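**Student:**
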Amino acid sequence: MASKVADTIKDDTLSKAETGNDGSFHLDGTDDEIGTIEPELKIYHRCLSRHVCKRRWVIKIPDKYISAPGGPDKVFDIGTVNLEINLEEDKKCLPV
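In the numbering used here, the protein residues as written are 3 to 98.
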């Protein structure tokens, strides 16, 4: 599973990572954009998929987890996510 955080205005990739053997990951991104950003976590995976291409989940990062440069970091912990679930917004068969 690959994960990344992106700025939805320009789709800048702020951070990108592969999961560890235990499925965990840590992302930390910065952007020098003027104004506000609306970051989101995009999860690409093939769990329970019969397709060659990956499924995509998009999770919006709440504003309270966005801090100014040099400000205190706030950790957005999504906990444990079961990727077997089929969400309405699940995008299937996307080339990545």
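Glycine residues also receive a C-beta, built at the ideal position from the N, C-alpha and C atoms.
Everything numeric in this text was worked out from a predicted model, so none of it was measured.
From the DSSP secondary-structure annotation, give me the bridge partner or partners of H47.
**Tutor:** The residue given as residue 47 occupies position 45 in the sequence shown. In DSSP, H47 forms a bridge with R57.
**Student:** Measuring CA to CA, which of G37, G31 and T21 is closest to D75?
**Tutor:** Taking the first residue of the sequence shown as 1, we reach residue 75 at position 73. Out of G37, G31 and T21, G31 has the C-alpha closest to the C-alpha of D75.
**Student:** Can you tell which of L29, D34, R57 and T38 has the C-alpha that lies nearest to the C-alpha of D102?
**Tutor:** The first residue shown for the chain is 3 and the last is 98, placing residue 102 beyond what the model contains.
**Student:** For T38, tell me which candidate among L85, Y67 and N84 has the shortest Cα-Cα distance.
**Tutor:** Here residue 38 is taken as the residue at index 36 of the sequence shown, counted from 1. The candidate whose alpha carbon is nearest that of T38 is Y67.
**Student:** So, helix, strand or coil for D65, using DSSP?
**Tutor:** Here residue 65 refers to the residue found at position 63 of the sequence shown. Here D65 sits in helix by DSSP.
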